[in-house]
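K.L.:
Here it is: the structure, laid out below.
Number of protein chains: 4
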Amino acid sequence: MLGKYPVFPPTDQEFEDQPRLGKYDVIVIGGGGGGYHGAFELSKGGLKVLMVDDKGNLGGNCLYEGCIPSKSVYMTIYLMEKIRGILNSVGNKDINAVRVLWENAIDHKDHVQYIRYLQHIREIKEHENVDFVKGIAEVIDANRVRVKAIDGSWTKDVEARQLLIATGSIPIKIPVPGADLTIGSQELFGYKTNYRKIPSDVLIIGGGYIGVEVASVLGSMGIKATIVEMLPRILAGWDNEIVSRIEEKLRSKGVEIFTNSKVVGIKKESGQKIVEFERPDGSKGYVTGSEVIMAVGRKPYVEGLDRLGIVEKGRVEVESSMRTKAPNIYAAGDVLGKYMLYHSAVKESVVAAWNILHGKPIYEINFNSIPMTIFTEPEAAMVGLNEETAKARGINYVTVSYPLEDDAYAQIMGVREGWVKLIIERESQRIIGGVIYGEAASLLINEIALAIAVNARVKDIALLAHQHPTIFESIDRAAIRFAL
Amino acid sequence: MLGKYPVFPPTDQEFEDQPRLGKYDVIVIGGGGGGYHGAFELSKGGLKVLMVDDKGNLGGNCLYEGCIPSKSVYMTIYLMEKIRGILNSVGNKDINAVRVLWENAIDHKDHVQYIRYLQHIREIKEHENVDFVKGIAEVIDANRVRVKAIDGSWTKDVEARQLLIATGSIPIKIPVPGADLTIGSQELFGYKTNYRKIPSDVLIIGGGYIGVEVASVLGSMGIKATIVEMLPRILAGWDNEIVSRIEEKLRSKGVEIFTNSKVVGIKKESGQKIVEFERPDGSKGYVTGSEVIMAVGRKPYVEGLDRLGIVEKGRVEVESSMRTKAPNIYAAGDVLGKYMLYHSAVKESVVAAWNILHGKPIYEINFNSIPMTIFTEPEAAMVGLNEETAKARGINYVTVSYPLEDDAYAQIMGVREGWVKLIIERESQRIIGGVIYGEAASLLINEIALAIAVNARVKDIALLAHQHPTIFESIDRAAIRFAL
Amino acid sequence: MLGKYPVFPPTDQEFEDQPRLGKYDVIVIGGGGGGYHGAFELSKGGLKVLMVDDKGNLGGNCLYEGCIPSKSVYMTIYLMEKIRGILNSVGNKDINAVRVLWENAIDHKDHVQYIRYLQHIREIKEHENVDFVKGIAEVIDANRVRVKAIDGSWTKDVEARQLLIATGSIPIKIPVPGADLTIGSQELFGYKTNYRKIPSDVLIIGGGYIGVEVASVLGSMGIKATIVEMLPRILAGWDNEIVSRIEEKLRSKGVEIFTNSKVVGIKKESGQKIVEFERPDGSKGYVTGSEVIMAVGRKPYVEGLDRLGIVEKGRVEVESSMRTKAPNIYAAGDVLGKYMLYHSAVKESVVAAWNILHGKPIYEINFNSIPMTIFTEPEAAMVGLNEETAKARGINYVTVSYPLEDDAYAQIMGVREGWVKLIIERESQRIIGGVIYGEAASLLINEIALAIAVNARVKDIALLAHQHPTIFESIDRAAIRFAL
Amino acid sequence: MLGKYPVFPPTDQEFEDQPRLGKYDVIVIGGGGGGYHGAFELSKGGLKVLMVDDKGNLGGNCLYEGCIPSKSVYMTIYLMEKIRGILNSVGNKDINAVRVLWENAIDHKDHVQYIRYLQHIREIKEHENVDFVKGIAEVIDANRVRVKAIDGSWTKDVEARQLLIATGSIPIKIPVPGADLTIGSQELFGYKTNYRKIPSDVLIIGGGYIGVEVASVLGSMGIKATIVEMLPRILAGWDNEIVSRIEEKLRSKGVEIFTNSKVVGIKKESGQKIVEFERPDGSKGYVTGSEVIMAVGRKPYVEGLDRLGIVEKGRVEVESSMRTKAPNIYAAGDVLGKYMLYHSAVKESVVAAWNILHGKPIYEINFNSIPMTIFTEPEAAMVGLNEETAKARGINYVTVSYPLEDDAYAQIMGVREGWVKLIIERESQRIIGGVIYGEAASLLINEIALAIAVNARVKDIALLAHQHPTIFESIDRAAIRFAL
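Protein chains in written order, with UniProt numbering: chain D, 1 to 484; chain L, 1 to 484; chain Z, 1 to 484; chain S, 1 to 484.
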């Protein structure tokens, strides 16, 4: 499955085209966030590392078709929307002059991907203990890996004392008739994709954060989008209040949402595509559009790993030190089926590498401080515990929040929706969670993540002079309400 | 001096027009950031508070003519510049269609000020122990204040157990011939200012952060700006590397900078204004433009406070608890002549209030964690110690930095200049300072401020999974280099 | 009940013998740890305070008949035991020369109490805003208190804005025939007690920490002690392993323990006292001795407080800010029926006082960091969560421990029993609990309490160079095992 | 020099008597605190380690003749003194019955050393990757070490990727005539020493902490001790107030102190020994006693290390990561000539090992949190900065202290001298130092060390409920005075 890319990222001819040695200290399988960050740390620690990736460059799906290109598109379009909002609020009639086309955003995305791939080539060279090879890695046993050329032209077996598995994930396609009529993230955001225009009506299967983000940006472009979601609500696992607000916002942009709607088939009729779905009561429904996007999520890519005895329920099982059941095999990133976020993969990879260097697991990931964001406009973000999870754990907590409506920066940017909410453990007065809906949520959430990671207390935040006028002031304004 | 405003902010008719009582627990003089935040905390603690401000609304100079309106103007214009940059990089020829006029930005600014003044009226009402009066407050002694109407129509003497002095600051005008030909922040950014257009060539006296910000935004509008600075360099006190980069950037926008140039006079000739200056070698120079902006800074407003014995060298002297030499008088904000930043004033005010409530000073401000920003494009920000100050204190430190050129978010936003730099104390591995130049510096600096405030260590930051792709990742990328 | 003391502690004649004023800011009822520490803080904050106590001095039961005198006795005897142990281990036959009699220990105890009472008189005078009165305080309503002379010679009603209730606790006497034949802490340890000798065989009703401490010290004196406990095990609520070790140790000293034995009566026959008890199967048992000590615990003293609506289930109910349901009434100490420990009462009192000063509750007690000790030889101590409570809360934890057998200080002191155990939350690597059995446990536990209070991580402890050779090294030796 | 021991500690015959392999990952030279703790960590991390020590057991000088045996003697004698104090205060005339002889204390010391040596044999076996050899290690170059039998019967050259140098220190003997008439720590406290009695009058050359500790314990035994110190004061580097108190206490025990007295010769006349010294004014003095103890300190043992280029000014120079100038050589312990304390050596050794494992230096020692103690009665201890050093660094600090006279535990133990003093950085409110004189100072100092290590603030300590009645309460009592 890996190794099928319509367009390969730029690769430097100077890299070895096969593993240079027969034996390494560590073999890293996969060059995404879960792979290369650890590989670089291992190299800095003096270990000889072989890293294998089938795209022949770094960044994994995130850079090829995921977060980087999608956000390049979204942010371009939302910048336009933001400036239109300001002009509109002061009565400027000419706001449509401020215009960005989907094609402009796609061009921008390709450009960002390109410079990033070049940067990765430079970075590999900067880490001299890393041999990087474009190829397919097949695990033979806990100490041996077979590396093959993409085109099958060569095969080489390599040994290592330790393995770092970072094979990532692949998109899920639900097995219904007509599933091959749909497109996915590779078509939408893949490097040098051929899909450079977007039709005026789009159907989206899946109301998770990917589907919602796509619907949101299409709505901002004036394109009709329709979400079909199997569960009773979109954005499962997110704070109820946030989900309600996002639904409302999507509807205000003309997005239609069908929940409790299980897709059972897709067909094409007279140039239109039709998605057929079934409701819990057995009744059927149909929606029609020019294009259908399959956005039902991703699953860990564990092919060939089961022989190591480290796969459980379709994912590689690890301790919080990233060590698998096999003491010389570590794993990181999407293949763990845990957070499936690039930034989580990066730190998992570093922790795995540091533990490999140390000879025993002494570092652990604090999963309570990993932020998550939905890149709609405005954004939603959360970190740590939310009210539901705090309640479930029997924690004695309080929440405080501040409406962005009252925040100077939000007023200046003309985006006053939303709020910052902190979840605080009563006795210790520690910040244990944060939930944000609004402008720059993806940025704000980082400070709360740090607060959680270092066990900061609410007074530390309440008395912190945040730069004025920035939206970060809303964090201290929320915190000072704790004492009310 | 206070009490002279061309246009008064909206004031609610329901407020008392004189002090309701003859005796309060605390009288707060000034309704800016140094005043009202403390007043609200005192009210929450159950004390009876009289707050007096000559504008008859809250927010002080910051809201009337300072940070809020100026950033409203800058951010509008910089949004335009950012979107143009992205379009330009992908070869879109039509970037001038994305257009914001100075007038649009001024309209937006007035709108922001207006909604903020309304919000403040609501907030005063929410704090029922605060009596708010539009008027002029004259201190009689450590327990008595004379409050007078702006128009002289009434006078009332009031007593209090404690005072919180927050009289703020006033702009400095250098005493040279023709000084009255210049305009200042009130004309540029004052509420409902009459100066709603900007001429095509502007002279700026003063190369501090205010002068530089104005020059930068004018440059982005295609307006010719010229800075005349007395010192050998603009932006005294800022990191050398940052100053060099900002100079370079200003020049690339057509800004001319004359340093070592002491202004000795201003005159008007045939519709043009001429600024005459003197160099250290005694030679003279002249620059000509349509308008002259005086931006040489502000000074604490201490009129009438000397009789309390709390003024020293033109400013109110306080301990880090905000208590003055007089045990029942606290002070906060610009009148301290310390940071002269709104967000610093806010926390000083809260600390003063909490100490008044507690009956003795137990809270102190940690001045090491107050961030400062120059709102150019891109921005520059710093917090805590920089290399010069760390060196001067004999601290054994190291620095690590990350170039924004390599940051995904900076690439996505098309603004790749700059870097994040952390200053770390070796033995304790604590973050003791941060210096940032680049996109979103004003936002990034807040996380570093928190790190300093809670004595976070470099590994806390290095292992923190910052949201991807946001520019906050550059903070952990810098931190992880500590271990190189 | 309060107000009945065989011997009154020294009281200074200079104190007012009635409340001086009719109205105070705060009335503090009770001069024990829950009362006077808060009173002193309120005084420092400038509030006028009336404190009333029926003994006419500070320290409550803790000083009159509780922790201070009992530990004065125990420590004297255990010092003797320790030096005998060292001499014995090197073959010195003369160890009985090192001798302390019960009478010596009682004399020492009286001396300690006496100097401490004198100290308290000095401390009251040092806090000038406190009026201290020997008397009985009866609450009239939330703002009024009636203060009466012990001998009924005067009565005065006093008002206050706020109350701090610290009425403490009283010993429980189980209501069985012959209960008045028993003695309790007042006879054993009361100030200037008449019981200055101890018979050679003693029965103890109750196997809680007080009963166990008394049995242990009697055992060390060569006195035959017998514990009769109703529950299946002594020391309910304590770590199982610790309970087993203490039982074993008690038995090695000749202490007999009857569990599952509910006392139903006490009688006196031919100079001997007989305790009759019933087993769960209905069978009966008897034990005989010269003296019977009733040590079944204490209960909050809430007489007269129910009219304030703040009493629930026999104790005053408070939030973690120490505020009761009545917004102007705070409470602290044993009357809360929570920890019933002097050091807990002290901090509860301070938190209450600080919140009263602040006008609203902003401080809270972190109950996770309050240590508890059983003063046997060796001691047992715990703080935070133990394994049972961590498990019950669903926390993902690990424990590490170090045997004192291997600790240099324990070897030097000749007391090598026991261990230090740390409970660590996996993901955050925070110390969340500590359990210690062994030499100096009561001292060691304080460092772990601090570690919990400041959210220290296991590596902070593991890398801390504890003074050598002190038993505190065993804390870092345990911590470093986390990484095994 | 190393390798000369009158009595060798027990060694297990099962250890290899030569290095088993020709090549190791790491060779650790020295089995003291700076050596074996690191060796064990390296073993846990999976590296093959050779550790060489000339005594053939662990613990270095600390166990053979230093802290462990000396404190075994002191603590035995001070226990006696403490119990006598309590008995005396209550008028018990029989206090001399409580008696410990020097011989008893020496027997106890031997016993402690013996069980500790057995423990170390067990510990070596528990770390299977460590080969331990009794022998002398000579460094050939940065990767090669020659190991020789003590008796010269074999020699073997061994290679390693990394070295950990922990050769320790040796006593300084001042080069004056008659120096060989003196005895030192080996005679006093060496394992199975022949000096098992002590004469009734002793001369001590050197008023550093070792000389002072010996004088103090002799004083407690009723033996006449005389200190001759070259400098103007004893205990150079210690807090002035502490030095004054210790001097006073020593004098009260009959210790005579000559300062400004440089020893120029020692001679023996008619069974007595005479120490001759010179004063700064050139005049001479003499003191006479039965025995002379040389206690002028220790110096790093660097013989043979200079060829590695890592020795500077007589000691091995390292970064705070414990890495020397040679990138594959780390060093720890007394050979650094830094703290020369066992507990410092232990953590230096661990940090060195962790950095070796990590492949690059990422851990550093925080030298601000290493406590130091003088084991007199009562003890003196300090950690972090004291007032002099804080002043010298230009830190804005305050101090708070609490007299042990008022502490319940000190009263109970009958030792009320002294105080706890905290040094606090004003703005950050962090604890930056602690100085303690009094009962259990060596224990108390550990909590303050932790407070410093984790950057705890004074309020964290002030609100911590320390176990009552323990002397640790005096720490929070001091801290709460910060807010006065």
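Backbone N, C-alpha and C fix where the C-beta goes; we use that ideal spot for every residue, glycine too.
(1) So, with DSSP's three-state summary, where would you put residue 103 of chain Z?
(2) For a contact defined as C-beta to C-beta under 8 Å, what are the partners of residue 358 of chain L on chain Z?
(3) For residue 264 of chain L versus residue 278 of chain L, is the C-beta distance shorter than 7 Å?
(4) Measuring CB atoms only, is the segment 407 to 426 of chain L touching the segment 65 to 78 of chain D, in the sense that at least three cross pairs come out at less than 8 Å?
(5) Closer than 7 Å between beta carbons: that is the criterion. Which residues of the segment 297 to 321 of chain L meet it against chain S?
(6) DSSP state of residue 419 of chain L, grouped into three classes?
(7) For a test of the three-state rule: what should DSSP assign to residue 467 of chain Z, helix, strand or coil?
(8) Evaluate residue 122 of chain L with the Cβ neighbour count: other Cβ atoms within 10 Å of its Cβ, from every protein chain shown; 16 or more gives buried, anything less gives exposed.
(9) How many Å lie between residue 484 of chain Z and residue 478 of chain D at the Cα?
(10) Is residue 427 of chain D close to chain Z? Criterion is C-beta to C-beta, closer than 7 Å.
(11) If you count every other CB in all the chains shown that lies within 10 Å of the CB of residue 386 of chain L, and 16 or more means buried, which is it?
(12) In the DSSP assignment, find the unbroken beta strand (DSSP E) run with residue 225 of chain Z in it and report its ends.
(13) Can you give me, in chain order, the residues of the segment 373 to 391 of chain Z that have a beta carbon less than 8 Å from any beta carbon in chain S?
(14) Determine whether the beta carbon atoms of residue 250 of chain L and residue 226 of chain L lie at a separation below 7 Å.
(15) Could you check if residue 206 of chain Z is buried or exposed, using at least 16 other CB atoms within 10 Å of its CB as the buried criterion?
(16) To the nearest angstrom, how far is it from the Cα of residue 168 of chain S to the Cα of residue 341 of chain S?
(17) To which residues of the same chain is residue 424 of chain L closer than 8 Å at the C-beta, ignoring the five residues directly before and after it?
(18) Checking contacts by CB at 7 Å: is residue 472 of chain D closer than that to chain Z?
(19) Could you say if the segment 345 to 361 of chain L and the segment 34 to 45 of chain Z meet the contact criterion of at least three C-beta pairs nearer than 8 Å?
(20) Go through its chain and collect everything with a Cβ distance to residue 489 of chain D's Cβ below 6 Å, but skip five positions before and after it.
(21) Taking 7 Å as the CB-CB limit, is residue 58 of chain Z close to chain S?
(22) Please name the residue, chosen from Z:296, Z:90 and Z:464, that lies closest to residue 100 of chain S on a Cα-to-Cα basis.
(23) Could you list the residues in the segment 177 to 195 of chain S with a C-beta less than 9 Å from some C-beta on chain L, going in chain order?
(24) Against residue 368 of chain L, what residues of chain S qualify as contacts under a CB-to-CB distance less than 8 Å, listed in chain order?
(25) Using the C-alpha atoms, what's the distance from residue 138 of chain L back to residue 294 of chain L?
(26) Run down chain D in chain order and give the residues with a C-beta less than 9 Å from the C-beta of residue 393 of chain Z.
(27) Beta-carbon within less than 7 Å of residue 173 of chain L's beta-carbon, same chain only, minus the 5 sequence neighbours each way: which residues are those?
(28) Quick one: residues in its chain with C-beta nearer than 6 Å to the C-beta of residue 291 of chain D, no 5 flanking neighbours on either side, listed in chain order?
(29) By Cβ distance below 7 Å, which residues in the same chain neighbour residue 446 of chain S in space, the five residues on each side in sequence not counted?
(30) Express the C-alpha separation of residue 72 of chain D and residue 58 of chain D in angstroms, rounding to a whole number.
(31) Distance check for residue 312 of chain L and residue 367 of chain L, CA to CA, integer angstroms please.
P.N.:
The short version:
(1) The residue labelled residue 103 of chain Z in the question sits at position 103 within the third sequence. Helix.
(2) Here residue 358 of chain L is taken as the residue at index 358 of the second sequence, counted from 1. Near residue 358 of chain L (Cβ distances below 8 Å), the residues of chain Z are 45, 354, 357 and 358.
(3) Residue numbering aside, residue 264 of chain L sits at position 264 when the second sequence is read from its first letter. Residue numbering aside, residue 278 of chain L sits at position 278 when the second sequence is read from its first letter. Closer than 7 Å, so yes.
(4) yes
(5) 320
(6) Position 419 of the second sequence holds residue 419 of chain L. Strand at residue 419 of chain L.
(7) Translated into positions along the third sequence, residue 467 of chain Z becomes position 467. Coil, per DSSP.
(8) Locating residue 122 of chain L in the second sequence gives position 122, counting from the first residue. Exposed.
(9) Here residue 484 of chain Z refers to the residue found at position 484 when the third sequence is read from its first residue. Here residue 478 of chain D refers to the residue found at position 478 when the first sequence is read from its first residue. Residue placement at residue 484 of chain Z is flagged as unreliable, the pLDDT there being 46, under the threshold of 50; a coordinate-derived value is accordingly withheld.
(10) The residue you call residue 427 of chain D lines up with position 427 of the first sequence. Cβ-Cβ to chain Z under 7 Å: yes for residue 427 of chain D.
(11) What you label residue 386 of chain L is simply residue 386 of the second sequence in a count that begins at 1. It counts as buried.
(12) Sequence index remark: in the third sequence, residue 225 of chain Z carries index 225 (1-based). 224 to 228 is the span of the beta strand (DSSP E), which, as asked, contains residue 225 of chain Z.
(13) 373 and 381
(14) Within the second sequence, numbered from 1, the residue matching residue 250 of chain L stands at position 250. Within the second sequence, numbered from 1, the residue matching residue 226 of chain L stands at position 226. No, these two residues do not count as a Cβ contact at 7 Å.
(15) Residue mapping note: residue 206 of chain Z aligns to position 206 of the third sequence, counting from 1. Buried is the call here.
(16) Indexing the fourth sequence from 1 puts residue 168 of chain S at position 168. Indexing the fourth sequence from 1 puts residue 341 of chain S at position 341. Taking the straight line joining both Cα atoms gives about 10 Å.
(17) The sequence position of residue 424 of chain L within the second sequence is 424, counting from 1. Hits under 8 Å: 397, 398, 399, 400, 430, 431, 432, 458 and 482.
(18) Counted from its first residue, the first sequence places residue 472 of chain D at position 472. Taking Cβ atoms only, chain Z never reaches closer than 7 Å to residue 472 of chain D, which makes this a no.
(19) yes
(20) This structure gives no information on residue 489 of chain D, because the portion of chain D shown stretches from 1 to 484.
(21) Residue mapping note: residue 58 of chain Z aligns to position 58 of the third sequence, counting from 1. It does not: the Cβ of residue 58 of chain Z has no partner Cβ on chain S nearer than 7 Å.
(22) As a first step, residue 100 of chain S is located in the fourth sequence; it is residue number 100 there, counting from the start. The residue with the shortest Cα to Cα distance from residue 100 of chain S is Z:90.
(23) none
(24) Against the second sequence, residue 368 of chain L aligns to sequence position 368. Neighbours of residue 368 of chain L on chain S, chain order: 427 and 428.
(25) Stepping through the second sequence from its first residue, residue 294 of chain L is reached at position 294. Stepping through the second sequence from its first residue, residue 138 of chain L is reached at position 138. So the alpha carbons of these two residues sit roughly 29 Å apart.
(26) Position 393 of the third sequence, counting from 1, holds the residue named residue 393 of chain Z. Correct list: 393, 394 and 395.
(27) The residue you call residue 173 of chain L lines up with position 173 of the second sequence. 179 and 294, listed in sequence order.
(28) To locate residue 291 of chain D, count along the first sequence from 1; it is residue 291. Result list for residue 291 of chain D: 199 and 202, in chain order.
(29) As a working note, residue 446 of chain S is residue 446 in the fourth sequence. Closer than 7 Å at the Cβ level, and outside the excluded window around residue 446 of chain S, lie 371.
(30) Here residue 58 of chain D refers to the residue found at position 58 when the first sequence is read from its first residue. Here residue 72 of chain D refers to the residue found at position 72 when the first sequence is read from its first residue. Between residue 58 of chain D and residue 72 of chain D, the C-alpha separation is close to 18 Å.
(31) Taking the second sequence and counting its residues from 1, the one referred to as residue 367 of chain L is at position 367. Taking the second sequence and counting its residues from 1, the one referred to as residue 312 of chain L is at position 312. Each residue's Cα considered, the two are about 20 Å apart.
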